[in-house]
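Undergrad: Position 76 of the sequence shown, counting from 1, maps to 76 under UniProt numbering, and the rest follow consecutively.
Take a look at the following structure, please.
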Amino acid sequence: MTLELTLVIAALLFVVGVALILLRRNLIFLLLGIELLFNAAMVIALAGGARWHSATGQVLVVFMMALSGAALALTLALLLRVKHELGGDSVDDLRLLREEVDE
């Protein structure tokens, strides 16, 4: 696979991730969009490592996967808490939580 094709795939992942973040009001789709952004960055790191014949791209991807997994676990815990407390999974439900704290 050529470097250009890999960068095009990463750009498509990035665009889809940004579109999910901007266009959807559901927290699950927001989380999916963030994960797609992480995946696009990982594809770019792998392509750079392969291009310059270095293992640093692969090492960086391993650390990014660990970071992504930790962020995913915390976000899913928050999502479950919001669903339990408010009964919904919309971004607007998070505003209700902020209003309760302000009162």
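Backbone N, C-alpha and C define an ideal beta-carbon position, used for all residues, glycine too.
Kindly list the residues whose CB is nearer than 6 angstroms to the CB of Gly33, restricted to its own chain and excluding five residues on each side of it in sequence; keep chain order.
TA: Gly17, Leu20, Ile21.
Undergrad: For Leu96, which residues in the same chain have their Cβ closer than 8 angstroms to its Cβ, ignoring the five residues on either side in sequence?
TA: So the qualifying residues of the chain are Leu86.
Undergrad: Does the stretch 40 to 56 touch the stretch 76 to 85, meaning 3 or more C-beta pairs lie closer than 8 angstroms?
TA: Segments in contact, no.
Undergrad: Nearest by alpha-carbon distance to Gly69: which of Ala10, Thr2, Leu31 is it?
TA: For Gly69, the nearest C-alpha among the options comes from Leu31.
Undergrad: Could you give the distance in angstroms between the alpha-carbon of Leu80 and the alpha-carbon of Leu74?
TA: So the alpha carbons of these two residues sit roughly 10 angstroms apart.
Undergrad: Among His53, Ala40, Val15, Ile9, whose alpha-carbon lies nearest the alpha-carbon of Met65?
TA: Measuring from the Cα of Met65, the nearest candidate turns out to be Ala40.
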